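Protein chains in written order, with this note's numbering: chain A, 5 to 483; chain B, 135 to 422. We put the beta carbon where it would ideally sit given N, CA and C, even for glycine. Remember, predicted model here, so these are calculated numbers, not experimental data.
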Ligand code: SF4
């Protein structure tokens, strides 16, 4: 599953199937609406939210423009603090580096802090191939892993599951992975959390190697930062003897001081909290610990080369855009076929894979059908842009990517024909008159692609006379 | 004031009544209304579906046709947003392409020449024209409230109405409560709030046919909220969205009519689209 859930068909088909799953829609609707309300409340209470947002955007833009310089500063600072920095051009290289680092410790089990980057590169699967088992420790990721499922949300990967489904997963699967859930487990949230806590505690105490991502990396000090709600991440970061962090190169901030902006933007946008419960920072290797930082490109420098598309690299993975998206709310994350679902996924996944070229990530096949359909997985309503804490104009990028995506032949012809008609007013007038004459023959249910409209909606009546003909006939309504 | 009407291709072809209402309303408010015959389409469908080449051709036509007017009024939030938001981008992209492009490419010689000048801080002619024309293009309610400075337009519409603020009016043009302020001054009209008003109806241009299942699911929720208001009429400032929502309301035989904001604001005691008590039972297009 390197970045994309392999074998997924295009978005419209996935979405149509998901829309009809009423349990899924109920779960999603409830979850996204709750979090949406919380976010709106804590964002609304800051008088300088727009300034913070502008600052976040400016800091990220500056960093991306000078990425090469800041990355070298980071490497220097991390090395100075006793860490080792590895550079990975793509998923395969990153996976190989991590696997070799784990093998060098002689361990065959690792604990994981919730991380998008390692999911993007399919690290767990790559490690499994080399006989290393990776255990997810974030509660939601644990639910996904135990359920042999795929994540469907950036922040709440098991958002598509409700309490009773989670209880079933815990009861059936926990024992196969470690400490079993109690036999009398109920679907009370506290009971579920307690079962997870006992299961995970055992794991933390026995693990020698941990793998994490990071929300931010500070170039000036070489510090990595993880924000979390549960404290499980902190267990992984501090207890094991070896810590390996896999981080996308765009997660960089130049100065420690820049955190002031992002520690306000991120929790309010993601969980709708003023402050997240746990913020861990570490600089290089702690005493008695070995620390490795794997800097991941995996398509990011290609995205950086695109003047419009590069703003997607400002993303801090808060998932606010998912929570406000009317499309995501109705289809969930799996339809997007990638670890990055929702609006950000629709612009990031196809770009990371390369919109036009055959890349290693696309296995030399050029753009996949799924990637080509993602930029169209939006009504361009703009709710994502409005919510985004780093002001990524997602609709602008979607439209930009649509121009790069391959188009079906029939659509190309139709668009060319429409362009031809609109190119001369006289052609438009003639087409309108023809429509006016045929108006009586328009059926209530259209054939072919028109059925996509008339399956659920009536067609409007075609008027006998267009506006421009009315204007000519009546001299602008004066006769 | 000399005002040009940009009717938009959808209204021109399918909803001429909306255009007639705009003409009537603006004249009543003392404007001189012109309909430049050379206009066709703003290019939104092309650009938003991934055909910026065709879209840019139409944008060039638009700025040519509408240069020289004090104001351009469009009874469509999304077309006004297209011109104001996307034209500057199209012009920038066209200029960048003319700098890089081969001779005889999409750009004219004049623009290639000014494209070179751009390096020293100049814009191409197309960019200049867009910068000149785009800010003068207004959605109807914006024009009434901000340019003419009126909220009471002397309208009479004795019906229970709910208002759907379409996405591009809301988040593109930031129309805020302008349409509501206009509607509140209409005599006889009872404005009832729509829950989930700011949520997209699921139209989205070609989205409605490229992702029909999601589009229909979004519209179902919108229709549910509309019916819950008990309104006779659903009003919006964009006929494309109304065609989509109205098409669903019609298919469900809901009895709720869809009416463009312009038609409500143009209505008077003497000239009303439909009398009190006759609002129900409309077809998909509503009162046309
Ligand atoms: S695109 Fe913006 S809103 Fe969406 S996850 Fe990224 S930062 Fe958050």
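For residue 299 of chain A and residue 250 of chain A, I'd like the C-alpha separation in whole angstroms.
Your numbering for residue 299 of chain A matches position 295 in the first chain. Your numbering for residue 250 of chain A matches position 246 in the first chain. For residue 299 of chain A and residue 250 of chain A, the distance between alpha carbons rounds to 6 Å.
The beta strand (DSSP E) enclosing residue 247 of chain A, as first and last residue numbers:
Within the first chain, residue 247 of chain A is the residue found at index 243, counting from 1. Unbroken beta strand (DSSP E) run through residue 247 of chain A: 246-252.
Just reading off the alpha helix (DSSP H) that residue 457 of chain A is part of, what are its end residues?
Indexing the first chain from 1 puts residue 457 of chain A at position 453. Here the alpha helix (DSSP H) through residue 457 of chain A covers 455-458.
Between the region 52-66 of chain A and the region 239-247 of chain A, do three or more beta carbon pairs fall short of 8 Å?
Segments in contact, no.
Chain B within 8 Å of residue 380 of chain A, Cβ atoms only:
In the first chain, the residue the question calls residue 380 of chain A occupies position 376. Closer than 8 Å: yes.
Is residue 233 of chain A near the ligand SF4, going by C-beta to nearest heavy atom under 7 Å?
Translated into positions along the first chain, residue 233 of chain A becomes position 229. No.
Please say whether residue 209 of chain B and residue 401 of chain B have beta carbons closer to each other than 8 Å?
As a working note, residue 401 of chain B is residue 267 in the second chain. As a working note, residue 209 of chain B is residue 75 in the second chain. Not a contact, by the Cβ cut-off of 8 Å.
Any chance the CB of residue 265 of chain A is under 7 Å from a heavy atom of the ligand SF4?
Here residue 265 of chain A is taken as the residue at index 261 of the first chain, counted from 1. Because no heavy atom of the ligand SF4 lies under 7 Å away, the Cβ of residue 265 of chain A does not count as near it: no.
Should residue 321 of chain A be counted as a contact of the ligand SF4 given a C-beta to heavy atom distance under 7 Å?
Counting from one through the first chain, the residue named residue 321 of chain A turns up at place 317. Checking the Cβ of residue 321 of chain A against the ligand SF4 gives yes.
Does at least one heavy atom of the ligand SF4 sit under 7 Å from the Cβ of residue 394 of chain A?
In the first chain, residue 394 of chain A corresponds to position 390, counting from 1. It does: the Cβ of residue 394 of chain A is within 7 Å (strictly closer) of some heavy atom of the ligand SF4.
Proximal residues of chain B, C-beta to C-beta of residue 446 of chain A below 9 Å:
Taking the first chain and counting its residues from 1, one reaches residue 446 of chain A at position 442. Neighbours of residue 446 of chain A on chain B: none; closest Cβ ~11 Å, over 9 Å.
8 Å CB neighbourhood of residue 352 of chain B in its chain, flanking five on each side removed
Indexing the second chain from 1 puts residue 352 of chain B at position 218. Excluding positions up to five away in sequence, the list reads 333, 334, 335, 336.
Residue 222 of chain A: first and last residue of the uninterrupted beta strand (DSSP E) it sits in
Translated into positions along the first chain, residue 222 of chain A becomes position 218. Segment 220-222, the beta strand (DSSP E) holding residue 222 of chain A.
How far does the alpha helix (DSSP H) with residue 273 of chain A in it reach, from first residue to last?
Start at 1 with the first residue of the first chain, and residue 273 of chain A comes out as number 269. Residues 263-274.
Identify, in the order they occur along the chain, each residue of the same chain with its Cβ nearer than 8 Å to the Cβ of residue 357 of chain B, setting aside the five sequence neighbours on each side.
Position 223 of the second chain, counted from the start, is the residue given in the question as residue 357 of chain B. 379, 382, 383, 386, 388.
Checking contacts by CB at 8 Å: is residue 413 of chain B closer than that to chain A?
On the second chain, residue 413 of chain B is found 279 positions in, with the first residue counted as 1. Caution is warranted here: a pLDDT of 45 is assigned to residue 413 of chain B, below 50, making its placement in the model unreliable, and no coordinate value can be reported.
For residue 413 of chain A and residue 222 of chain A, what's the separation of their Cα atoms in angstroms?
In the first chain, residue 413 of chain A corresponds to position 409, counting from 1. In the first chain, residue 222 of chain A corresponds to position 218, counting from 1. Rounded to whole angstroms, residue 413 of chain A to residue 222 of chain A spans 48 Å at the Cα level.
List the DSSP bridge partners of residue 324 of chain A.
Working through the first chain from its first residue, we reach residue 324 of chain A at position 320. According to DSSP, residue pairing for residue 324 of chain A in a beta bridge does not occur.
Considering just the uninterrupted stretch of the beta strand (DSSP E) at residue 317 of chain B, what are its terminal residues?
Taking the first residue of the second chain as 1, we reach residue 317 of chain B at position 183. Where residue 317 of chain B is concerned, there is no enclosing beta strand (DSSP E), although the alpha helix (DSSP H) it sits in stretches over 312-318.
Output the residue ranges of the alpha helix (DSSP H) runs that lie fully inside the region 397-427 of chain A and measure 4 residues or longer, sorted by chain position.
398-408, 413-427
Which whole-angstrom value is the C-beta distance of residue 294 of chain B and residue 211 of chain B, which I expect to be below 8 Å?
Taking the second chain and counting its residues from 1, the one referred to as residue 294 of chain B is at position 160. Taking the second chain and counting its residues from 1, the one referred to as residue 211 of chain B is at position 77. That belief does not hold up - the Cβ atoms of residue 294 of chain B and residue 211 of chain B are roughly 23 Å apart, past 8 Å.
By the three-class DSSP mapping on this structure, what secondary structure does residue 191 of chain A have?
Position 187 of the first chain holds residue 191 of chain A. Three-state result, residue 191 of chain A: coil.
Take residue 224 of chain A as the anchor and find which of A/182, A/376, A/260 has the nearest alpha-carbon.
Position 220 of the first chain holds residue 224 of chain A. Of A/182, A/376, A/260, the residue nearest in Cα terms is A/260.
Which ranges does the alpha helix (DSSP H) cover as unbroken runs of at least 4 residues, wholly within the region 117-155 of chain A, from first to last along the chain?
As summarised for the region 117-155 of chain A, the continuous alpha helix (DSSP H) elements at least 4 residues long and confined to that stretch are 120-124, 127-133, 143-150, given in chain order.
Selected residue, minimal CA-CA separation from residue 274 of chain B, among B/287, B/264, B/263:
Numbered from 1 along the second chain, position 140 holds the residue referred to as residue 274 of chain B. Looking at the Cα atoms, B/287 is the closest of the given residues.
By how many angstroms is the C-alpha of residue 211 of chain A removed from the C-alpha of residue 314 of chain A?
The residue given as residue 314 of chain A occupies position 310 in the first chain. The residue given as residue 211 of chain A occupies position 207 in the first chain. Their backbone Cα atoms lie some 39 Å apart in a straight line.
Quick one: measure Cβ to Cβ for residue 118 of chain A and residue 142 of chain A, integer angstroms, because I've assumed they're closer than 8 Å.
Position 114 of the first chain, counted from the first residue, corresponds to residue 118 of chain A. Position 138 of the first chain, counted from the first residue, corresponds to residue 142 of chain A. Right, the Cβ-Cβ distance comes to about 4 Å (below 8 Å), so this counts as a contact.
Is there at least one Cβ from chain A nearer than 8 Å to residue 404 of chain B's Cβ?
Taking the second chain and counting its residues from 1, the one referred to as residue 404 of chain B is at position 270. For residue 404 of chain B, the answer is no, since every Cβ of chain A falls outside 8 Å of its Cβ.
Rounded straight-line distance, which links the Cα of residue 105 of chain A to that of residue 91 of chain A:
Walking along the first chain from the start, residue 91 of chain A turns up at place 87. Walking along the first chain from the start, residue 105 of chain A turns up at place 101. Taking the straight line from one Cα to the other gives about 13 Å.
Backbone secondary structure at residue 90 of chain A - three-state DSSP:
If you number the first chain from 1, residue 90 of chain A lands on position 86. In the structure shown, residue 90 of chain A falls within a strand segment according to DSSP collapsed to helix, strand and coil.
Between the Cα of residue 400 of chain A and those of A/441, A/316, A/282, A/472, spot the shortest distance and give me the residue it belongs to.
Position 396 of the first chain, counted from the start, is the residue given in the question as residue 400 of chain A. Looking from the CA of residue 400 of chain A, the closest CA among A/441, A/316, A/282, A/472 belongs to A/316.
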